[in-house]
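The sequence shown begins at 1 in this note's numbering and counts up one residue at a time.
For glycine and all other residues, C-beta sits at the position ideal for the given N, C-alpha and C.
As the structure is a computational prediction, the values presented were derived from the model and not from experiment.
Written below as structure tokens is the structure these notes are about.
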Amino acid sequence: MESPMSRVVQALDRFHAARPWDHNAHYHRWLLRPLPRRFGRALDVGSGSGDLARLLAGRATSVEGIDNDPDVVARARDLTAPALPVVFTVQDAAVGLPSGPYDVITCVAALHHLPFPGTLARFRCSLTPGGTLVVVGVARAETFVDHALGALAIPMNVVMALVRNRGRRVARPASMTARTRPAVMSFAEIARDARDVLPGARLRRRLFWRWTLVWQQG
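Listed below in structure tokens is the structure:
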């Protein structure tokens, strides 16, 4: 027999399947806050359907978005106006990054797909002096604080779905069609390794099962 909690989880899954909203896009405007009003070259790693890259183009001289999924990259190109200074390329960040240096590097919900310390080291080497790295990531829930934030996010998730979709059923947005993978590192492990590679990095747990990192090249 199904438990009451199991029925609640199934009901929530059905609710969100009918009223999806993008937790990563929720942080896109926040990502702009640590960045200068105008900057030169930007790189968005794991660019998906290109929503963040197009936002960055409002401040950047040029933006490069890379993703290892050819179908997702093709979708990003289709959604991007030709006049925008944005180029999308199929590239696996686990193998390497395009030739820098960059004034800004962003990475949203992609770092847990990549070798963690090595990718952060590539980001560090690809930034200009004074350049900024901004990351939104996902972590494996481990501590009481992790589970408490997850529990708090459940009712807020329902509210956000209702507000953003005005209570209506909607199709899954293009930004949510990319392949996903569960995180294997805890926030404590992420923070430890990040500060080893990026001394002075600022990390915070966030709502909706996310964490953030901001670091500036010296």
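(request) With DSSP as the reference, please indicate the residues paired to Y27 in a beta bridge. (result) DSSP, once it has assigned bridges, lists no residue as partnering Y27.
(message) Is the beta carbon of I190 closer than 7 Å to that of A139?
(response) yes
(request) Give the DSSP bridge partners of W211, in chain order. (result) G137, R205
(message) Rounded to the nearest angstrom, what separates A83 and F116 at their Cα positions?
(response) 35 Å
(message) Please report the straight-line C-alpha distance between M5 and A109, rounded to a whole angstrom.
(response) Its pLDDT being 48, under 50, M5 is placed unreliably in this model, and the coordinates cannot settle the point.
(message) By alpha-carbon positions, which one of L32, P70, Y102 ends up nearest to G40?
(response) Y102
(message) Could you check whether R202 and V214 sit closer than 7 Å to each other, using their CB atoms as the reference points?
(response) yes
(request) With DSSP as the reference, please indicate the residues paired to A42 in a beta bridge. (result) V63, V104
(request) For F144, count neighbouring C-beta atoms within 10 Å of its own C-beta (all shown protein chains included) and say buried if the count is 16 or more, exposed if not. (result) exposed
(request) Determine the closest residue to T61 out of H113, V87, R181, with distance taken between C-alpha atoms. (result) V87
(message) Rounded to whole angstroms, what is the Cα-Cα separation between D71 and G58?
(response) 25 Å
(request) If I'm right that D146 touches F208 with Cβ under 8 Å, what's the distance once you round it to whole angstroms? (result) About 13 Å; that fails the 8 Å criterion.
(message) For T212, which residues in the same chain have their Cβ closer than 6 Å to its Cβ, ignoring the five residues on either side in sequence?
(response) V136, R204, R206
(request) Consult DSSP for M5 and reduce its assignment to one of helix, strand or coil. (result) Caution is warranted here: a pLDDT of 48 is assigned to M5, below 50, making its placement in the model unreliable, and no coordinate value can be reported.
(request) Assuming V104 contacts T132 (C-beta within less than 8 Å), just tell me the rounded distance between them. (result) 5 Å
(message) Using C-beta distances below 6 Å, list every residue in its chain close to V73, excluding the 5 sequence neighbours before and after it, in chain order.
(response) D67, F88, V90
(message) Once DSSP output is grouped into helix, strand and coil, what is the label at P117?
(response) helix
(request) Would you decide whether G96 is buried or exposed? Buried here means 16 or more other CB atoms lie within 10 Å of its CB. (result) exposed
(message) On the CB-based measure, 16 or more other CB atoms within 10 Å of its CB, does G130 come out buried or exposed?
(response) exposed
(request) May I ask you to report which of helix, strand or coil DSSP gives R72? (result) Going by the sequence as given, residue 72 is Val instead of Arg. If DSSP states are grouped into helix, strand and coil, V72 belongs with the helices.
(request) My understanding is that L43 touches P98, with C-beta atoms under 8 Å, so please give their C-beta distance in whole angstroms. (result) 7 Å
(request) Excluding the 5 residues preceding and the 5 following V63 in the sequence, name in chain order all residues of the same chain whose CB lies nearer than 7 Å to its CB. (result) A42, D44, A53, L56, A57, P85, V86
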